[in-house]
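Numbering (this note's numbering), first residue to last: 13 to 372.
Here a beta-carbon is modelled for each residue, glycine too, at the ideal position from N, C-alpha and C.
As structure tokens, the structure follows; a few thoughts come after it.
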Amino acid sequence: MKLFRSLGPRLLLSHLLAIGTATGTFIITFRLLAPEVFGRRIQGSGSPGGPQGSARWSHEVVATFESSVDTALLISIIAGAVAAAIVAWIVTRLLTRPVDAIRSTTHSLSEGNYSERVAEPSIEELAGLARDVNALAAALESTEISRAQLISDVTHELRTPLTSIDGYVEGATDGVFTDEEMLASVTEETRRMRKLVDDLSLLSRAQEGSLTLDRRDTDIARLAGEIADRLRPQFEAADIGLTVSGTPVVVSVDPARIGQVLTNLIGNALGHARPEGNVVVLVEADSGGAVVSITDDGDGIAPEELSHVFDRFYRGTTTGRAGTGIGLAIARSIVDAHNGEITAESDGPGTGALFTIRLP
13 MKLFRSLGPR LLLSHLLAIG TATGTFIITF RLLAPEVFGR RIQGSGSPGG
63 PQGSARWSHE VVATFESSVD TALLISIIAG AVAAAIVAWI VTRLLTRPVD
113 AIRSTTHSLS EGNYSERVAE PSIEELAGLA RDVNALAAAL ESTEISRAQL
163 ISDVTHELRT PLTSIDGYVE GATDGVFTDE EMLASVTEET RRMRKLVDDL
213 SLLSRAQEGS LTLDRRDTDI ARLAGEIADR LRPQFEAADI GLTVSGTPVV
263 VSVDPARIGQ VLTNLIGNAL GHARPEGNVV VLVEADSGGA VVSITDDGDG
313 IAPEELSHVF DRFYRGTTTG RAGTGIGLAI ARSIVDAHNG EITAESDGPG
363 TGALFTIRLP
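Take a look at the structure:
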């Protein structure tokens, strides 16, 4: 029957079957044993009129007892059945109400209402299910917020170079810029957009787990030194010191990808270091792997921002320097793809920051 496909009717039926089985067992056992036990005790007590009178008297008393018992049992069964049905219905409602609430919440989630939550019932098993549903809702809500923010940020990042290109083309048309100036500016903005698109593509593939790694035995200290040498002219132009030290540590990584991570972190340190400050890169061996730390003495990171510095498009409030907010997110994704770990530490604004990479 379609009615008993639902949990509520099934629970109610199971309660009634259990009550009916217990009642039936009681009635059968009572009807089989009670008259015989009662009759033996009546015969044992004896009656006036001798053995024949006692037997006849006992038989009449037992018959009367059985008739009284049948009547009492019938009334008890009716009253018990009504009471049991009421109790079973109440218990069934108590059990199915949280299930209905969970089902209602999941239905709301399927319609896109990710802020919906379900109250935890007192039954531990259902409370665990409710917590799982709430955790799923929170994850979906966070994903939806991130998706909307991503669209907004990408739109903003692409709008700036497109506006610049439009302005240069219009200026060249009006004779404000020469063709050479216009082409140079358009080329620069186009490269900026291409880099943004490439970074987003890399970030997406890394977070989807589809990033291809060309692993090789690589000396991380040597790799860090090569990247530092490539960036050193920028440090010298900004009058900021750059020190690289450490011991050779060979691990199996994709040197191009890890090089990109080190470039992002060292460049990030350059952008946040204080005037005439210093950036220190240290490579050490630890537990069979490599540990790279990049320390600067510049802007620092507010405590409430430490957990967000690796988020896509996140820009801290400590500094007003421009940037897409993708570099650190890419760094974390690449390190994660190597089964490594990247962390950020700071004592607060103005105290500098420490970024640490651990590669197994």
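Straight-line Cα distance separating residue j from residue i
i	j	result
V181	E169	19 angstroms
A302	E192	48 angstroms
S197	I177	7 angstroms
G332	D298	Because the pLDDT of G332 is 45, which lies under 50, any placement of that residue in the model is unreliable, and the number read from its coordinates should be weighed accordingly. Looking at the two C-alpha atoms, the distance is approximately 36 angstroms.
V265	I342	16 angstroms
L121	A131	15 angstroms
R217	R159	16 angstroms
A236	L162	32 angstroms
A206	R269	A small correction: the amino acid at residue 206 is Arg; Ala does not occupy that position in the sequence shown. Their Cα atoms are separated by approximately 18 angstroms.
E317	G360	10 angstroms
S164	R143	31 angstroms
T104	I338	54 angstroms
N146	I157	16 angstroms
P133	T117	14 angstroms
D231	L141	49 angstroms
E238	E153	43 angstroms
S319	A356	8 angstroms
A349	V263	14 angstroms
L215	V273	12 angstroms
P260	L366	21 angstroms
A184	T167	26 angstroms
I354	G187	51 angstroms
D229	L294	19 angstroms
I89	T76	20 angstroms
I135	N290	59 angstroms
P372	G300	7 angstroms
I98	L28	10 angstroms
L195	A285	34 angstroms
Counted within 10 angstroms of its Cβ, other Cβ atoms place residue i as buried (16 or more) or exposed
i	result
A30	exposed
D210	exposed
A34	exposed
N280	buried
P287	exposed
N125	exposed
H119	exposed
G221	exposed
D311	buried
E201	buried
N351	exposed
I102	exposed
A150	exposed
One or two residues paired with residue i in a DSSP bridge
i	result
R228	V265
I354	I369
S305	L294 and T368
L254	V291
Reference residue i; option with closest CA among the options
i	options	result
D308	I346, I102, V263 and G362	G362
P173	T190, T185 and T199	T199
A314	S358, T76 and F189	S358
I278	P133, R244 and A249	R244
T224	L208, P267, P260 and F189	P267
L306	T368, A233 and V166	The sequence shown places Ile at residue 306, not Leu. Of T368, A233 and V166, the residue nearest in Cα terms is T368.
L138	R109, E153 and A249	R109
L212	T155, L340 and A113	L340
D241	L254, A249, A250 and V262	L254
Q219	L371, G36 and R344	R344
L86	I39, E123 and S127	I39
R204	T37, F189, R227 and T175	T175
I346	A250, T275, A91 and T41	T275
E296	F322, A249 and G258	G258
Cβ of residue i within 8 angstroms of any chain C Cβ
i	result
D165	Judged by its chain identifiers, the structure shown contains no chain C, having just a single protein chain.
Would you mind listing the alpha helix (DSSP H) stretches within the segment 118-193 that are 4+ residues and don't spill past its ends, in chain order?
136-186
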